[in-house]
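*Asks:*
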Amino acid sequence: MKIGIPRGLWFYDYYPLWKAFYEALGAEVILSSPTNKHILDQGAKNTVDEACLPVKILHGHIIDLRDKVDYIFVPRMMSVYKGEYICPKFCGLPEMVKYSIKNVPPMIDTVINFNKSRKSLMTTIYEFGEYVTKDRKKIDSAYAEALKKYKQYKQSIAEGRIPLNGELMKESCFNGKRGRKTIALMGHSYLIYDNFGSMEIINKLKALNVDILLPEMLDNGRLRDYSDTLEKRMFWSYGRRLMGTAMYLAENKDIDGVIYVSSFGCGIDSIVEELIERRMRSESDIPFLLITLDEHTGEAGVNTRLEAFIDMIDWRRKNEGNLSPYGKSICGN
Ligand code: SF4
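Count the sequence shown with the numbering used here and you get residues -7 to 325, in order.
#1: Tell me which residues share the same chain as N167 and place their Cβ nearer than 8 Å to its Cβ, disregarding the 5 neighbours each side in the sequence.
#2: Is any heavy atom of the ligand SF4 found at a distance shorter than 6 Å from the C-beta of P207?
#3: Out of curiosity, what's the CA-to-CA distance linking W2 and K60?
#4: From P8 to P155, what does the alpha carbon distance come to, in whole angstroms?
#5: So which of T296, E159, P279, G231 has the shortest CA-CA distance to R309?
#6: Quick one: does the C-beta of I260 sit closer than 6 Å to a heavy atom of the ligand SF4?
#7: If you draw a straight line from the alpha carbon of D286 to that of L267, how long is it in whole angstroms?
#8: By the three-class DSSP mapping on this structure, what secondary structure does Y118 have?
#9: Can you check DSSP and say which residues form a bridge with N295?
#10: To the nearest angstrom, how far is it from the Cα of T237 to the Cα of I175?
#11: Can the beta-carbon of Y135 be found less than 7 Å from the beta-carbon of P98?
#12: Distance check for K196 and N295, CA to CA, integer angstroms please.
#13: Report the three-state DSSP secondary structure of Y185 (helix, strand or coil).
#14: Buried or exposed: Q34, going by 16 or more other Cβ atoms within 10 Å of its Cβ?
#15: Under the three-state reduction of DSSP, which class applies to G324: helix, strand or coil?
#16: Are the beta-carbon atoms belonging to I54 and V103 less than 7 Å from one another?
#17: Just to confirm, are L161 and N105 a CB contact at a threshold of 7 Å?
#18: With C-beta atoms as the reference, is E299 less than 7 Å away from M191?
#19: With 16 as the cutoff for other CB atoms within 10 Å, does D248 come out buried or exposed?
#20: CA-CA distance, L45 and Y230?
#21: Among G84, H288, S262, which has the Cα closest to the Cα of L282?
#22: Whole angstroms are fine: how far does the CA of N157 sit from the CA of Y14?
#23: Could you check where the beta strand (DSSP E) with M70 kicks off and where it finishes?
#24: Rounded to whole angstroms, what is the Cα-Cα separation between A19 and V124?
#25: Looking only at its own chain, which residues have a Cβ that is under 7 Å from the Cβ of I305, when we skip the five neighbours before and after it?
#26: Kindly indicate which residue of I78, G52, K169 has the alpha-carbon position closest to the one of L234.
#27: Classify S274 as helix, strand or coil using the three-state DSSP reduction.
#28: Of the residues N244, S181, D127, which one's Cα is nearest the Cα of Y252?
#29: Does DSSP classify A333 as helix, strand or coil?
#30: Can you look up I78 in the DSSP assignment and give me helix, strand or coil?
#31: Under 8 Å Cβ to Cβ from G324, same chain only, skipping five residues before and after it: list those, please.
#32: Answer yes or no: do I49 and V21 have a C-beta to C-beta separation smaller than 7 Å?
#33: Among the candidates R(-1), M(-7), D5, whose CA atom is the shortest distance from the CA of P207?
#34: Go ahead and label G189 buried or exposed: buried means 16 or more other beta carbons lie within 10 angstroms of its beta carbon, across all protein chains shown.
#35: Helix or strand or just coil, what does DSSP make of T284?
As structure tokens, this is what we get:
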């Protein structure tokens, strides 16, 4: 049996887990190709206009896989942390795919909802496994094996080995040596780690000789402690992690700048990005750059903004003794 896993959305957070799980059960796992122009164009053509860039990319990956596999993996991811949700688009994804793309093979669209009990989690895992085998002992051991792989993968990311297009980089993107410029690169993992979708932002920053700090490299529990101090609880998982990162950075101030990469059409970012920008400006003088991407964004414009941002940081370090770009130090308010 061939199971297709599209390189989009949950892929960058969970792909090693599901690959190891289905391979341990004896299935052949086929990945879609890394995102390219054709995949993006196909996705943009075959989804609703108001979808965000990552959802369009996901549709393109499903089209890339549809004639090669027996099943396509499109779980209905409601929640991966108790009391939180991911995004309404994740919740309704199987329907979006079904009604937007013709001739989609049968989907593995099991519901993932960690708002339910541990018992429900194992019921969910059996449901995923039973597409391949009814042997529950085999499913138990495949899941245990997959969890080990998943933990190793998470550890590699925490050490700065970014899974660009799904392949862990050989070296850490974070050197940690004193005196090196460090930029916190914030945004949803499935946009940042997708080389084509993010306009190669990671490679561009590396070429500009910058250390990159990602929210996934920080301790999730610590970020949660920060976000828990918000007046109103952030119940979107990605939003909570990004908000916790911003609060941590604003307090610790051990970075030179923050770049937030957002998707045009993302309802969650429209709130979270604004909250983060306000927090960075009111509680720190860390320079902040917002880059919003969609399928029409011109790469030359992104390059210019990145280069100007890094130039400005260099200039501040050399000539200004880190004066605020917002006038705080100059005006004394
Ligand atoms: S969180 Fe935003 S970017 Fe992610 S799928 Fe939802 S709308 Fe799209």
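The C-beta atom is built at its ideal place from N, Cα and C for all residues, glycine as well.
Here the structure is a predicted model, which is why all the values come from computation and not from measurement.
*Replies:* The relevant details are as follows:
#1: Position 175 of the sequence shown, counting from 1, holds the residue named residue 167. Take N167, set aside five residues on each side of it, and the residues of its chain with a beta-carbon closer than 8 Å to its own are D203, in chain order.
#2: Locating residue 207 in the sequence shown gives position 215, counting from the first residue. Within the chosen limit of 6 Å, the ligand SF4 does not reach the beta carbon of P207 with any heavy atom.
#3: Taking the sequence shown and counting its residues from 1, the one referred to as residue 2 is at position 10. Taking the sequence shown and counting its residues from 1, the one referred to as residue 60 is at position 68. Going by the C-alpha atoms only, they are around 21 Å apart.
#4: What you label residue 8 is simply residue 16 of the sequence shown in a count that begins at 1. What you label residue 155 is simply residue 163 of the sequence shown in a count that begins at 1. Going from the Cα of P8 to the Cα of P155 covers about 11 Å.
#5: Sequence index remark: in the sequence shown, residue 309 carries index 317 (1-based). Comparing alpha carbon positions, the residue from T296, E159, P279, G231 closest to R309 is P279.
#6: Here residue 260 refers to the residue found at position 268 of the sequence shown. Distance from the C-beta of I260 to the nearest heavy atom of the ligand SF4 is below 6 Å.
#7: To locate residue 286, count along the sequence shown from 1; it is residue 294. To locate residue 267, count along the sequence shown from 1; it is residue 275. Rounded to the nearest whole angstrom, the CA to CA distance from D286 to L267 is 21 Å.
#8: For the purposes of this step, residue 118 is identified with residue 126 of the sequence shown, where counting begins at 1. If DSSP states are grouped into helix, strand and coil, Y118 belongs with the helices.
#9: Counted from its first residue, the sequence shown places residue 295 at position 303. Answer is none; N295 lacks a bridge partner.
#10: The residue you call residue 237 lines up with position 245 of the sequence shown. The residue you call residue 175 lines up with position 183 of the sequence shown. Going from the Cα of T237 to the Cα of I175 covers about 13 Å.
#11: Here the question's residue 135 lines up with position 143 in the sequence shown. Here the question's residue 98 lines up with position 106 in the sequence shown. Not a contact, by the Cβ cut-off of 7 Å.
#12: For the purposes of this step, residue 295 is identified with residue 303 of the sequence shown, where counting begins at 1. For the purposes of this step, residue 196 is identified with residue 204 of the sequence shown, where counting begins at 1. Their backbone Cα atoms lie some 8 Å apart in a straight line.
#13: Translated into positions along the sequence shown, residue 185 becomes position 193. If DSSP states are grouped into helix, strand and coil, Y185 belongs with coil.
#14: Sequence index remark: in the sequence shown, residue 34 carries index 42 (1-based). By the neighbour-count criterion, in which 16 or more other beta carbons inside 10 Å mark a residue as buried, Q34 falls on the buried side.
#15: Residue mapping note: residue 324 aligns to position 332 of the sequence shown, counting from 1. Because G324 sits at a pLDDT of 42, beneath the cut-off of 50, its placement in the model cannot be relied upon, and the following sentence gives the value as read from the coordinates. DSSP places G324 in the coil class of the three-state scheme, outside both helix and strand.
#16: Numbered from its first residue, the sequence shown carries residue 54 at position 62. Numbered from its first residue, the sequence shown carries residue 103 at position 111. No.
#17: Locating residue 161 in the sequence shown gives position 169, where the first residue counts as 1. Locating residue 105 in the sequence shown gives position 113, where the first residue counts as 1. Residue identity check: residue 161 is Met in the sequence provided, not Leu. By the CB criterion at 7 Å, M161 and N105 fall outside the cutoff.
#18: On the sequence shown, position 307 is the one that residue 299 refers to. On the sequence shown, position 199 is the one that residue 191 refers to. No, they are not a contact pair.
#19: Along the sequence shown, read from residue 1 onward, the residue named residue 248 stands at position 256. Burial call: buried.
#20: Numbered from its first residue, the sequence shown carries residue 45 at position 53. Numbered from its first residue, the sequence shown carries residue 230 at position 238. Here the alpha carbons of Y230 and L45 stand approximately 16 Å from one another.
#21: On the sequence shown, position 290 is the one that residue 282 refers to. Ranking G84, H288, S262 by Cα distance to L282 puts S262 first.
#22: In the sequence shown, residue 14 corresponds to position 22, counting from 1. In the sequence shown, residue 157 corresponds to position 165, counting from 1. If you take the alpha carbons of Y14 and N157, they lie about 20 Å apart.
#23: Within the sequence shown, numbered from 1, the residue matching residue 70 stands at position 78. That run of the beta strand (DSSP E) goes 68 to 71.
#24: By 1-based counting over the sequence shown, the position of residue 19 is 27. By 1-based counting over the sequence shown, the position of residue 124 is 132. Spanning the alpha carbons of A19 and V124 requires a straight line of approximately 7 Å.
#25: On the sequence shown, position 313 is the one that residue 305 refers to. Only K173, D248, G249, P279 meet the Cβ criterion.
#26: Here residue 234 corresponds to residue number 242 of the sequence shown, with the count starting at 1. The shortest CA-to-CA distance from L234 to any of I78, G52, K169 is the one to I78.
#27: Here residue 274 corresponds to residue number 282 of the sequence shown, with the count starting at 1. In the structure shown, S274 falls within a helical segment according to DSSP collapsed to helix, strand and coil.
#28: Taking the sequence shown and counting its residues from 1, the one referred to as residue 252 is at position 260. Taking only the C-alpha atoms, the option nearest Y252 is S181.
#29: Missing from the structure shown is residue 333; the chain here goes from -7 to 325 and no further.
#30: As a first step, residue 78 is located in the sequence shown; it is residue number 86 there, counting from the start. Of the three classes helix, strand and coil, the one that applies to I78 here is coil, per DSSP.
#31: As a working mapping, residue 324 is identified with position 332 in the sequence shown. With a pLDDT of 42 at G324, under the threshold of 50, the modelled position of that residue is not reliable, and no figure is offered here.
#32: One-based indexing of the sequence shown puts residue 49 at position 57. One-based indexing of the sequence shown puts residue 21 at position 29. For I49 and V21, no; Cβs fall outside 7 Å.
#33: Stepping through the sequence shown from its first residue, residue 207 is reached at position 215. Of the listed residues, the one whose Cα sits closest to P207 is D5.
#34: Position 197 of the sequence shown, counted from the start, is the residue given in the question as residue 189. Here G189 is buried, its C-beta having at least 16 other C-beta atoms within 10 Å.
#35: Here residue 284 refers to the residue found at position 292 when the sequence shown is read from its first residue. T284: strand per DSSP, three-state reduction.
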